[in-house]
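Engineer:
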Amino acid sequence: MTSTSPSTTGTAAPVVEAVGVHKSFGSLEVLRGIDMQVAEGEVVCIIGPSGSGKSTFLRCINHLERINAGLLSVHGQLVGHRLVGEKLYELKDKDICTRRAEIGMVFQQFNLFPHMTVLQNIIEAPVGVKGENKKVVTARAMELLGRVGLADKRNAYPRHLSGGQQQRVAIARALAMQPRLMLFDEPTSALDPEMVGEVLAVMKDLAREGMTMVVVTHEMGFAREVADRVVFMDEGRIAEQGTPHELMSNPTHPRTRAFLDSVL
Amino acid sequence: MTTRAPAHPVGVGGQTLKVVRLKHPGRWIASAVALVLAAMLVNTLITNKNFQWDVVAKYFTSKSVLSGLGRTLELTALAMLIGIVLGVVLALMRLSGSPVLKSIAGLYVWVFRGTPLLVQLILLYNISALYPKLSLGIPFGPEFVSGNVNTIITPYVVALAALALNEAAFMSEIIRGGILSVEPGQVEAAQALGMRRNRITRRVVLPQAMRFIIPPTGNQVISMLKATSLVSVIALPELLYSTQVIYTRTYQTIPLLIVATLWYLIVTSVLMVGQGFLERRYSRGSRSSGATIQGPTMLRRLTGLNWRSARTAVADPPPLTPEGRSR
Ligand SMILES: Nc1ncnc2c1ncn2[C@@H]1O[C@H](COP(=O)(O)OP(=O)(O)O)[C@@H](O)[C@H]1O
Ligand SMILES: [Mg+2]
Chain A
829 MTSTSPSTTG
839 TAAPVVEAVG
849 VHKSFGSLEV
859 LRGIDMQVAE
869 GEVVCIIGPS
879 GSGKSTFLRC
889 INHLERINAG
899 LLSVHGQLVG
909 HRLVGEKLYE
919 LKDKDICTRR
929 AEIGMVFQQF
939 NLFPHMTVLQ
949 NIIEAPVGVK
959 GENKKVVTAR
969 AMELLGRVGL
979 ADKRNAYPRH
989 LSGGQQQRVA
999 IARALAMQPR
1009 LMLFDEPTSA
1019 LDPEMVGEVL
1029 AVMKDLAREG
1039 MTMVVVTHEM
1049 GFAREVADRV
1059 VFMDEGRIAE
1069 QGTPHELMSN
1079 PTHPRTRAFL
1089 DSVL
Chain B
3 MTTRAPAHPV
13 GVGGQTLKVV
23 RLKHPGRWIA
33 SAVALVLAAM
43 LVNTLITNKN
53 FQWDVVAKYF
63 TSKSVLSGLG
73 RTLELTALAM
83 LIGIVLGVVL
93 ALMRLSGSPV
103 LKSIAGLYVW
113 VFRGTPLLVQ
123 LILLYNISAL
133 YPKLSLGIPF
143 GPEFVSGNVN
153 TIITPYVVAL
163 AALALNEAAF
173 MSEIIRGGIL
183 SVEPGQVEAA
193 QALGMRRNRI
203 TRRVVLPQAM
213 RFIIPPTGNQ
223 VISMLKATSL
233 VSVIALPELL
243 YSTQVIYTRT
253 YQTIPLLIVA
263 TLWYLIVTSV
273 LMVGQGFLER
283 RYSRGSRSSG
293 ATIQGPTMLR
303 RLTGLNWRSA
313 RTAVADPPPL
323 TPEGRSR
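Sequences listed follow chains A and B, in order.
Residue 837 in my numbering sits at position 9 of the first sequence, and the numbers go up by one each step.
Residue 193 in my numbering sits at position 191 of the second sequence, and the numbers go up by one each step.
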């Protein structure tokens, strides 16, 4: 049922490796065996109908959700566990946080901290979590704000920004942690149509610079242009995957075809 | 809702028409009756010799009244402080994953909210009947120090304990409500940035919960100030009891009760102004609009007087809403 992923280039360990990942909420089985590999520098877009488990899978990758069965590792380290001999030991809060700090995540609802200015939002975690020098982080934050085109908004509160601006700040906030992997959960779905482009432009830049990205999105134009691979999820499984061209011009699975018809 | 007349007369077909404002005869009659009653009250305050304003003036700043006032303020501050600290602990217990901690905190809140403060106070005052000896040691094990309950638990300790324990139950509900009002997405975003649980609580959740916690806490302080008068029943010389001590000696009951009343009113007024200030401060960053909030002036705050509102129906500022929820 699950087609195998294109083999990763060379000998480098995959950034994300999922083998038979299952996740249930009570009796509701949301992920029913996900196998996936994401190579260094690869951009993978996940598409699929609402409720198919896309967000849940993304949240499992940085351990916002605990998986019930299967193996999930990031950069060769198991998510949430440590393997010693034949036993899996649950990680302490501290170790989970250390690993999360290496993964950036961008949410549909931006989730900026409303009581902090743009600059405070960005430097909070590098200073508070990684213990970096505030001056160094501030300089980096300003550079990131320049890159997302919001250098003049450093002292604004999130409520004074448009949705598109808030999402760009949220991306800058995640990047300030210097992550090696970025997760995007429908980053443009809560935006007014005229603001989608500015956020996608920032993401395209990021992809061009070689960032490893897993993006849940319904923006087919973005997927076609940027993605190395598109994964179609349906009812907690990967129904089909391939290059954007393969999947969009010649879907083999009837559900994929139906879904693509509905979004294109 | 607004009854304000249009700035210019309404014109129809070049013809100018006069607007006849709606009359409110009922409102006028009620206002007249209220004014007459108020005048009668002022008149009796001035002319009725039994108020004995000279006695009020004599005792208003007397040493025992001022020391009673000091004790009232001290009890209010300490009981609130302990109540808030205990309230945070209880709130975190109720929000924790442990069913044991949850139900213990729930039970505590149930008992202390479900019984009158006066009963709790008197019960605690008579605790020596239940536990004549107090000792420090290992539970169910040996004792290190022990003493007579009545020497350790003075009326002051009883008063403070009763007020603080009772307050903790109310504060825990306020704090819990505040924490629950913070959007779950905020915690997730903080987690995704690698922040640890304590840091998330301190830097993300509590500052946002403050907006929901501060205004009702201001009310609690004002209620606490008034509730301290209850401890007069255990003969603790706070403001009310110090005036009672005087009037049982001099039989000048009314003027001395007026002394207490005026002091309570002065302190609650100051507290209300401070509360308004805090409310405005903590709403920073929470409004979806950039407009500054026009807080009611001090006089309007204290008295509810709002001359313009009678005619133009100026609405009170809307209740505080969390960022995002107002959209
Ligand atoms: N915390 C949760 N508790 C219970 N059910 C959940 C929870 N999170 C998600 N679900 C359910 O899991 C299913 C998949 O959700 P989700 O991963 O958000 O789907 P998608 O992102 O593909 O739309 C949905 O039916 C949703 O209701
Ligand atoms: Mg989703």
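Built from N, CA and C at the ideal position, the CB exists for glycine as well.
Computed from a predicted model, the values in this text were never measured in an experiment.
Give a yes or no on whether 7 Å exceeds the smallest Cβ distance from CYS1093 (chain A) to chain B.
Structural biologist: As shown, chain A starts at 829 and ends at 1092. That puts residue 1093 (chain A) outside it, with no answer to give.
Engineer: Using a beta-carbon distance below 7 Å, is LEU103 (chain B) in contact with chain A?
Structural biologist: Not closer than 7 Å to any Cβ of chain A, the Cβ of LEU103 (chain B) fails to qualify, so no.
Engineer: Just to check my reading of the structure: ALA1004 (chain A) and ILE951 (chain A) have Cβ atoms closer than 8 Å, yes? What is that Cβ distance to the nearest angstrom?
Structural biologist: Between ILE951 (chain A) and ALA1004 (chain A) the Cβ distance is about 7 Å, and since that is below 8 Å, they are a contact.
Engineer: Taking the alpha-carbon positions, what's the THR49 (chain B) to LEU43 (chain B) distance?
Structural biologist: If I take the Cα positions, the gap works out to 10 Å.
Engineer: Report yes if the C-beta of THR884 (chain A) is less than 6 Å from at least one heavy atom of ligand 1; otherwise report no.
Structural biologist: Correct: THR884 (chain A) has its Cβ closer than 6 Å to ligand 1.
Engineer: In chain A, which residues lie with their C-beta within 7 Å of the C-beta of PRO209 (chain B)?
Structural biologist: Those within 7 Å of PRO209 (chain B) in chain A are HIS943.
Engineer: Using only alpha-carbon positions, find the residue among A:LEU973, A:PRO1079, A:CYS888 and A:GLY974 that is nearest to VAL1042 (chain A).
Structural biologist: Comparing Cα positions, the closest option is A:CYS888.
Engineer: Quick check: the Cα distance between LEU37 (chain B) and ASN949 (chain A), rounded to an integer number of angstroms?
Structural biologist: Computed Cα separation, rounded: 56 Å.
Engineer: Can you tell me whether ILE202 (chain B) is buried or exposed? The criterion is at least 16 other CB atoms within 10 Å of its CB, across all chains shown.
Structural biologist: With 16 or more other Cβ atoms within 10 Å, it is buried.
Engineer: For CYS888 (chain A), list the residues DSSP reports as bridge partners.
Structural biologist: Beta-bridge pairing links CYS888 (chain A) to no other residue.
Engineer: Going along the segment 89-101 of chain B in order, which residues come within less than 8 Å of chain A, judged by CB to CB distance?
Structural biologist: Listed by position along the chain: nothing, the set is empty.
Engineer: Quick one: what does DSSP say GLU971 (chain A) is sitting in, helix, strand or coil?
Structural biologist: Helix at GLU971 (chain A).
Engineer: Check the C-beta distance from THR230 (chain B) over to THR117 (chain B) and give it rounded, since I have them as a contact under 8 Å.
Structural biologist: With a Cβ gap of about 18 Å, THR230 (chain B) and THR117 (chain B) do not count as contacting.
Engineer: Answer yes or no: does any C-beta atom of chain D fall closer than 7 Å to that of MET933 (chain A)?
Structural biologist: Structure shown: chain D not included; protein chains present are A and B.
Engineer: How would you write the range of the beta strand (DSSP E) that GLU240 (chain B) sits in, first residue to last?
Structural biologist: GLU240 (chain B) -> no beta strand (DSSP E), and no H or E assigned at all.
Engineer: Can you check the segment 116-179 of chain B for any alpha helix (DSSP H) of at least 4 residues that lies completely inside it and give the ranges in chain order?
Structural biologist: DSSP runs (the alpha helix (DSSP H)) wholly in the segment 116-179 of chain B: 119-127 and 151-154.
Engineer: Determine, using beta carbons only, whether ASN983 (chain A) comes closer than 7 Å to chain B.
Structural biologist: Chain B, which has no Cβ nearer than 7 Å to the Cβ of ASN983 (chain A), makes this no.
Engineer: Under 8 Å between beta-carbons, which chain A residues line up against ARG201 (chain B)? List them in chain order, please.
Structural biologist: Those within 8 Å of ARG201 (chain B) in chain A are GLY956 and VAL957.
Engineer: Is there a Cβ of chain A sitting closer than 7 Å to that of MET173 (chain B), yes or no?
Structural biologist: It does not; no Cβ of chain A falls within 7 Å.
Engineer: Using a Cβ-Cβ cutoff of 7 Å, what residues of the segment 174-190 of chain B are near chain A? List them in chain order.
Structural biologist: Those residues of the segment 174-190 of chain B that come within reach of chain A (Cβ to Cβ, closer than 7 Å) are GLY187, GLN188 and GLU190.
Engineer: Going along the chain, which residues of the segment 882-911 of chain A sit with their C-beta nearer than 9 Å to a C-beta in chain B?
Structural biologist: Hits within the stretch, in order: ARG887, ASN890, HIS891 and LEU892.
Engineer: For ligand 1, is there a heavy atom less than 6 Å away from the beta-carbon of VAL826 (chain A)?
Structural biologist: Since the displayed chain A opens at 829 and closes at 1092, residue 826 (chain A) lies outside it and no answer follows.
Engineer: Between the Cα of VAL934 (chain A) and the Cα atoms of A:GLY992, A:ALA841 and A:ASN1078, which residue gives the shortest distance?
Structural biologist: Selected option, being the one with the closest Cα: A:GLY992.
Engineer: Whole-angstrom Cβ separation of PRO209 (chain B) and HIS1073 (chain A), contact assumed at under 8 Å?
Structural biologist: Going by Cβ atoms, the distance from PRO209 (chain B) to HIS1073 (chain A) rounds to 49 Å, so no, they are not a contact pair.
Engineer: Does any residue of chain B have a CB that is nearer than 7 Å to the CB of ASP1020 (chain A)?
Structural biologist: It does not; no Cβ of chain B falls within 7 Å.
Engineer: Within its chain, find whatever has a CB closer than 8 Å to the CB of HIS891 (chain A); leave out the 5 residues flanking it on each side and keep chain order.
Structural biologist: If we look at HIS891 (chain A) and ignore the five residues flanking it on each side, its Cβ neighbours are VAL907, GLY908, ILE924, ARG927 and ARG928.
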